[in-house]
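Report on the structure given below.
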Amino acid sequence: MKFLARRTLHAALLLVGVSFFSFALLQWAPGDFLDELRLNPQISKQTVEALRGEYGLNESLPVRYERWLFAAAKGDLGFSLAYKSPVGPLIAVRARNTLVLTGTAMLLAWTLAIPLGIWTAVNRRGWTNRIFGAATSTLLTIPDLLLFLGLLLLAVRTGWFPAGGMFSDATDGATFLSHAKDLLAHLFLPAAGLAIVSLPVLMRHVRSAAIEVLDAPFVRAARGHGIPRWRLLFRYVLPVAANPLISLFGFSIATMLSASLLAEVILSWPGLGPLLLEATLSRDIYVVVATVLLSATFLVVGNLVSDLLLYAADPRIRVE
Amino acid sequence: MSAAGQGEVLLRVRGLGKSYVQRREFTREKFQVHAFEGIELAVQRGATFAIVGESGAGKSSLARCLALLERPDCGEIWIETKDVTKASRAELFELRRKVQLIFQDATAALNGRFTAAEIIAEPMRIQGLFGAAQRRERAMELMEQVGLPLAGAKKLPREWSGGQRQRLAIARALALEPSVLILDEALANLDLSNQEMILRLLADLQARRGLTYIYISHDLRLVALIADEIAVMHEGRIVEESGAAEFFAQPRNSYARDLIRAMPPLETILRERLQEEPA
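Just so you know, the protein sequences line up as chains A and B, in that order. Using my numbering, read the first sequence as starting at 394 and increasing by one per residue. Using my numbering, read the second sequence as starting at 29 and increasing by one per residue.
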């Protein structure tokens, strides 16, 4: 319990830090939201200045940050200058979409990585291992961008998959089932792409964690007792290899989120990615800060979950 | 250290050889490393047979083959009346009860997530011996026999001391009632007082159960304490094999003589030190 309280405090401090730096970086970067208006000859200088005052863009960084921080503590994440609506609801839908995508991709990547990694660890010497080694190296060297563009090309050329979006337009009045089917069809490409991006890294980690256990003297001892393979895997290899993998789970959330931003932009998934890109380009400051903050929150929560899992999975940690 | 020489050979090794294929770092060129070759051994029931030699001499590879963890490339290993190198899978599974290996590093040799009782019961469970309740009972008996407090049955390995962990490993090995224990540097990680206590435990178990030990070590002092028969391994071959008394009195092989010379008795060391520093 003390552990949980300490971790939550760390997380809160971290989030404040992240929000401050994203705030400050946006402030120090040249230009602001109204720069484009200023270039428009139809809008007078006075109007622009009035708007600046209204939006509070004239005030100094500490004042604005302080104001934002107190509002954010009450749950008000500010106002989108571009969308002319509060950031909270705007970002909530996008965050849900991103979570649907990354969650599916995570599930897909891990359910493939664990059996494949263990299989290649058990059959360490031989041609299957070489094929997997070559495949993971190849996947690692392909830039994410190229992969997503390739998937987009696949979708456009073959027409097998919808090229972007989350739902088809005409889904009003459809049943729940067809609705879900529609979602899955749209989800498939970006989720598969994200899974492919993280799969080689995960697989290699699973493989090396499993190899480490398989080489351990206590596994050798169990072999000396004649342990059957399935029992070795489920009672020895998986529980022991789980520790580094649970920690990796926390890290893999970070990789997944950053890859997801790119995938969403290229494959037009209506998540946080396109929103963040748009908002950054137009200096829609509160949207940017809230998006960055939300991503950081996912990361922190993911790591907290992996710590708790570690605690639950390993009797040795509980002993301490 | 016990009554050997009843004449019955429990374990016989003939022409045993093993090599590993390795690849050179950059050229990927394959080459063979001979772990050991042409090994001939005859170990009598109830005796302690020591295999000594420097690290890299092939002792541990030999131990793994004798413990049925690796298959040799050539040669035969006879345990009682069975050649284990020609055993089927099912026969091998049964044979594993006869030979158990004790490792140097007891901490690494025990599954850190199992409690002491689970660790001892696990081999019986794997071999499908007894019911769960009986296994637990036997685990308790074994803990008692190796001198572990029964109150610690639910403790994890990390909660035991180094010497206690090695006792736990011995109890686990005894769970299958083996005829042969292979002790691969089993005392090397322990301090002197623990070494002595484990040695006493081993002697006690040998007397009570008629166990046969194959004791693998580079430490001639410990070998001198427990071995009935000594084989010296050098670069993958056995260069000398003789009774313990004979071995220490007049080693025939020059390498064996070097080994013994490398182990001056404490009195000699002390005498030389005292001469160095005039009082």
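Every residue gets a Cβ at the ideal spot worked out from N, C-alpha and C, and that includes glycine. The structure presented is a predicted model; accordingly, all values stated were derived computationally and were not measured.
| query | result |
| --- | --- |
| Mind listing, in chain order, the continuous alpha helix (DSSP H) runs of no fewer than 4 residues lying wholly within the stretch 449-499 of chain A? | 454-466 |
| On the DSSP bridge list, what partners appear for proline 291 of chain B? | Looking at the sequence provided, one finds methionine at residue 291 of chain B rather than proline. DSSP, once it has assigned bridges, lists no residue as partnering methionine 291 of chain B. |
| Is any beta-carbon of chain A found at less than 8 Å from that of alanine 137 of chain B? | yes |
| Helix, strand or coil for threonine 143 of chain B? Go by DSSP, reduced to three states. | coil |
| Does arginine 40 of chain B get closer than 8 Å to chain A when you measure Cβ to Cβ? | no |
| Run through DSSP, which three-state label would methionine 29 of chain B get? | With a pLDDT of only 48 at methionine 29 of chain B, under 50, the local geometry of the prediction cannot be trusted, and the value read off the model is given with reservation. Of the three classes helix, strand and coil, the one that applies to methionine 29 of chain B here is coil, per DSSP. |
| Let's test the definition: count the other Cβ atoms within 10 Å of the Cβ of phenylalanine 414 of chain A and tell me whether it reaches 16, buried, or not, exposed. | exposed |
| Mark valine 591 of chain A as exposed unless 16 or more other C-beta atoms lie within 10 angstroms of its C-beta, in which case mark it buried. | Reading off the sequence shown, one finds serine at residue 591 of chain A, where the question assumed valine. Buried is the call here. |
| Just checking my contact of leucine 505 of chain A with alanine 588 of chain A at CB under 8 Å: how many whole Å lie between their CB atoms? | 7 Å |
| For glycine 586 of chain A, which three-state DSSP category applies? | helix |
| How about glycine 586 of chain A and phenylalanine 541 of chain A: do their beta carbons lie closer than 8 Å? | yes |
| How about alanine 683 of chain A: is its C-beta nearer than 8 Å to some C-beta of chain E? | The chain inventory of the structure shown lacks chain E, comprising the protein chains A and B. |
| Below 8 Å on the Cβ atoms is my contact criterion, and I expect glutamate 268 of chain B with asparagine 281 of chain B to pass it. Report the Cβ-Cβ distance as a whole number of Å. | 4 Å |
| Under a CB-based cut-off of 8 Å, is isoleucine 154 of chain B close to chain A? | yes |
| When Cβ atoms are compared, which residues of the stretch 610-634 of chain A fall closer than 9 Å to chain B? | Pro610, Phe611, Val612, Arg613, Ala614, Ala615, Arg616, Gly617, His618, Gly619, Ile620, Pro621, Arg624, Arg628, Tyr629, Pro632, Val633 |
| Just how far apart, CA to CA, sit glycine 238 of chain B and alanine 603 of chain A? | 39 Å |
| Using 10 angstroms around the beta-carbon of histidine 618 of chain A, count the other beta-carbons present and answer buried if the total reaches 16, otherwise exposed. | buried |
| Can you list the residues of chain A that arginine 141 of chain B reaches, using a CB-CB cut of under 8 Å? | Pro632, Val633, Asp707, Pro708, Arg709 |
| Is any beta-carbon of chain A found at less than 8 Å from that of phenylalanine 276 of chain B? | no |
| With a threshold of 8 Å between beta carbons, is proline 133 of chain B in contact with chain A? | In the sequence as displayed, the identity of residue 133 of chain B is aspartate instead of proline. It does: the Cβ of aspartate 133 of chain B has a partner Cβ on chain A nearer than 8 Å. |
| Assign tyrosine 679 of chain A to buried or exposed, taking buried as 16 or more other Cβ atoms, counted over all protein chains shown, within 10 Å of its Cβ. | buried |
| Could you compute how far the alpha carbon of phenylalanine 627 of chain A sits from the alpha carbon of isoleucine 154 of chain B? | 13 Å |
| Just to confirm the assignment: which complete alpha helix (DSSP H) runs, minimum length 4, are found wholly within the stretch 70-129 of chain B? | 87-94, 117-123 |
| When the distance is taken between beta carbons, is glutamate 213 of chain B closer than 8 Å to serine 245 of chain B? | yes |
| Within its chain, find whatever has a CB closer than 7 Å to the CB of leucine 544 of chain A; leave out the 5 residues flanking it on each side and keep chain order. | Leu582, Gly586, Leu660 |
| Give me the Cα-Cα distance between serine 30 of chain B and glycine 74 of chain B, rounded to the nearest whole angstrom. | Because serine 30 of chain B sits at a pLDDT of 47, beneath the cut-off of 50, its placement in the model cannot be relied upon, and the following sentence gives the value as read from the coordinates. Going by the C-alpha atoms only, they are around 7 Å apart. |
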